[in-house]
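Peer 1: When you line the sequence shown up against the working numbering, it's residues 2 to 531, in that order. Yeah, the Cβ is synthetic: ideal placement off N, Cα and C, and Gly gets one too. It should be emphasised that the depicted structure is a prediction, and the values quoted were computed from it without experimental measurement.
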Amino acid sequence: MAAAAAQQEARSTRQDVPATSRVAIIGGGISGLAAAKQLAAHDPVVFEATPSVGGVWKHCVYRSTRLQTPRPDYEFSDYSWRNRDDPTFPTHAEIVEYLEGYADTFGLWRYIMFGAKVVDVKFLGGRAAGFTELWSGTGEPLQGKPMWEVGVATAGSDAVQYYKFEFVVMCAGKYGDVPRMPVFPKGKGPEVFRGQVMHSLDYCKLSEEETVELMRGKKVVVVGYKKSAIDLALECAQANQGEGGEACTMLVRTLHWVVPSYSIWGLPFFLFYSTRLAQFLYERPGQGFLRSMLCRLMTPLRAGVSKFIESYLAWKLPLDKYGLRPDHPFVEDYASCQMAILPDGFFDMADRDMIRFRRASSWCFSPNGVLLEDGTEVEADLVFLATGFEGKDKVRAVLPEPFRGLVVDKSGMMPLYRGTIHPLIPNMAFVGYVESVSNLHTSELRCRWLAGLLGGRFALPSVEAMVRHVDGEAEAMRRTTRFYRRHCISTYSIHDSDAMCADLGTRVLRKGNWLAELFAPYNNQDYKEE
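1. Which residues mark the beginning and the end of the alpha helix (DSSP H) in which Met114 is found?
2. Report the partner residues of Ile27 according to the DSSP bridge assignment.
3. Using alpha carbons as the reference points, say which of Phe520, Ser65, Trp450 and Arg487 lies closest to Cys237.
4. Cα separation between Pro427 and Lys411?
5. Is Phe331 helix, strand or coil by DSSP?
6. Roughly how far, in whole angstroms, is the beta-carbon of Met114 from the beta-carbon of Thr14, given that I think they are within contact range, below 8 Å?
7. Where does Met251 sit, in a helix, a strand or coil, going by DSSP?
8. Bridge partners for Gly152 per DSSP, in chain order?
9. What does a CB cutoff of less than 6 Å around Gly55 pick up in its chain, not counting 5 residues either side in sequence?
10. Could you name the residues that DSSP lists as bridge partners for Ala430?
11. Which residues mark the beginning and the end of the beta strand (DSSP E) in which Met199 is found?
12. Would you be able to state if there are at least three C-beta pairs under 8 Å between the segment 17–26 and the segment 163–182?
13. Using 10 angstroms around the beta-carbon of Asn84, count the other beta-carbons present and answer buried if the total reaches 16, otherwise exposed.
14. Can you give me the C-alpha to C-alpha distance between Leu109 and Glu476, rounded to a whole angstrom?
15. Thinking just about the alpha-carbon of each residue, which of Asn440, Leu383 and Phe385 is nearest to the one in Arg487?
16. Taking the continuous beta strand (DSSP E) assigned at Gly346, which residues delimit it?
17. The beta strand (DSSP E) with Phe366 in it runs from where to where?
18. Would you list the one or two residues that DSSP bridges to Cys448?
19. Count the other C-beta atoms from every protein chain shown that fall within 10 angstroms of the C-beta of Glu465, then say buried if there are 16 or more, exposed otherwise.
20. Between which two residues does the beta strand (DSSP E) carrying Gly370 extend?
21. Kindly indicate which three-state DSSP category Arg508 falls into: helix, strand or coil?
22. What are the uninterrupted segments assigned as alpha helix (DSSP H) that are 4 or more residues long and contained completely in the segment 225–301, given in chain order?
23. Within a Cβ cutoff of 7 Å, which residues of the same chain sit near Asp354, ignoring the five residues on either side of it in sequence?
24. Straight-line CA distance for Leu295 to Leu272?
25. Closest to Arg217 by CA distance: which of Ser229, Gln239 and Tyr204 is it?
26. Can you find the residues in the same chain that come closer than 8 Å, C-beta to C-beta, to His257, ignoring five residues on each side of it along the sequence?
27. Excluding five sequence neighbours on each side, which residues of the same chain lie with their C-beta closer than 7 Å to the C-beta of Pro73?
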């Protein structure tokens, strides 16, 4: 009992906003916790709308959801997993426990206000701070005066309390909260369907007993073929095993490559994309004319790597049997962070006819189910929309104009310099909106970079230079994958980290010798603070 009381005392959280707080952090997920730890010198306030930390890992997961990354590749550089040698992928509950342990170790609870939902953000900087040659008017992230006013609604109250800050870090996340809903012509949407329609976001809120009761004995259609759709289809098949069970049908528009494990023909997966030598083959931002020419010459090598992986996946998995082999190269899914790790037993359920697949580039609802473009009707009692989330809309919802209209550029991406600073939105940073193989590492290093910026260790380039850099990054991704709008840095993640280390004035080459530098994978342990 004494230990429990000590933990409760250690987890004492903020109840108000002190006048000394210069920085607001919106969101208490992975990025918010990393930001709180790195910006502790500024006595930040973390506004978290829910009663707990963890973000999507706490509030937007299925009962079977697991991480898609091995434990050693998904940990903070200064806080290891207790069981990091466990080869299984962590469950969502284990990830939340790990994050709570991180908050315990570094005393982050004292910065967090739970049940504090940010509903409005007002800009106080005036015209001099926006659309100028230097970011924020002067180039300085902290100017000794309030630049933003954050409106917060606390749990159980309709009143909105406003607090002023010099700097705001947006860590609200890309997933959860705002579902992406398909749009249908009049008379062809859910209103004509006699059954039940549910987005995967609402499914996440159900208990295990409720999910089984919901799906058992029903004809279920799952719309989508990314990780959340695959996990949901498997849970549906498991709930329908035995007498009276019905098959689950996956409605697939765009195929993506799926991977059973991080081993390709007996070789570790990191050899193909996670070493300096491997990433040397791929486009990167600002690479110059000579390197661009070299990348063109290495096109056959890149294609060969992709074909090698595709050959293994086609041999290992029944992709051709079920018409699930994508037409595009594997590298395009990897470069856009859309490669999914298959859950155990997925194709076993397909072989037992408990999961079925239908391809359709367009579809609509009918009274008895869904109607495909070729006129085929798939009967259904329940339709799940595993169609993703509109995370950027969470940012738009609270930002004022004209910044609201600048969140996404003409390419459909958030234009973020170093994946953190929007050149046209002053005194604000965005963390958690760039994807990689390990989003935790990506967020942690960006928060360290941000701490260096706020601490005066380096200065930002001009707004024009940052815009050029962002445009170059988008162009490099566009040349690598048709799915570039996801802003994924997987094929040049080491180069991305090099740039932030250079800004901070720390070592760029993090390995002990040139062999390791070329052939060993980079991970968070290479970026321990010096």
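Peer 2: On the basis of the data shown:
1. Element bounds for Met114: not the alpha helix (DSSP H) but the beta strand (DSSP E), Ile113 to Phe115.
2. The partner list for Ile27 (beta bridge, DSSP) reads Phe48 and Met171.
3. Ranking the options by Cα distance to Cys237, first place goes to Ser65.
4. Using only the alpha carbons, I get a separation of about 20 Å.
5. It is helical.
6. Rounded to the nearest angstrom, the Cβ distance from Met114 to Thr14 is 7 Å, consistent with a contact under 8 Å.
7. Assignment of Met251 by DSSP, reduced to helix, strand and coil, places it in the strand class.
8. Answer by DSSP bridge pairing, in chain order: Asp121 and Tyr163.
9. So the qualifying residues of the chain are Val97 and Leu100.
10. For Ala430, the pairing in a beta bridge is given by DSSP as Val170 and Ile422.
11. Its beta strand (DSSP E) spans residues Gln197 to His200.
12. Two segments are said to touch when three or more pairs of C-beta atoms, one from each, lie closer than 8 Å; by this definition the segment 163–182 touches the segment 17–26.
13. Looking at its Cβ environment, which holds fewer than 16 other Cβ atoms inside 10 Å, Asn84 is exposed.
14. For Leu109 and Glu476, the distance between alpha carbons rounds to 38 Å.
15. The option with the nearest alpha carbon to Arg487 is Asn440.
16. According to the DSSP assignment, Gly346 belongs to no beta strand (DSSP E), since it is labelled neither H nor E.
17. That run of the beta strand (DSSP E) goes Trp364 to Ser367.
18. Cys448 is not bridged to any residue.
19. Exposed.
20. Note, Gly370: beta strand (DSSP E), Gly370 to Leu373.
21. Three-state result, Arg508: coil.
22. Qualifying alpha helix (DSSP H) stretches, in chain order: 228–240, 271–274, 277–280 and 289–298.
23. Ala248.
24. So the two alpha carbons sit approximately 21 Å from each other.
25. Each of Ser229, Gln239 and Tyr204 was checked against the Cα of Arg217, and the nearest Cα belongs to Gln239.
26. Counting only Cβ-Cβ distances below 8 Å, and skipping sequence neighbours, we find Tyr226, Lys227, Pro327, Asp334, Gln339, Met340 and Ala341.
27. Around Pro73: Arg85 and Asn524.
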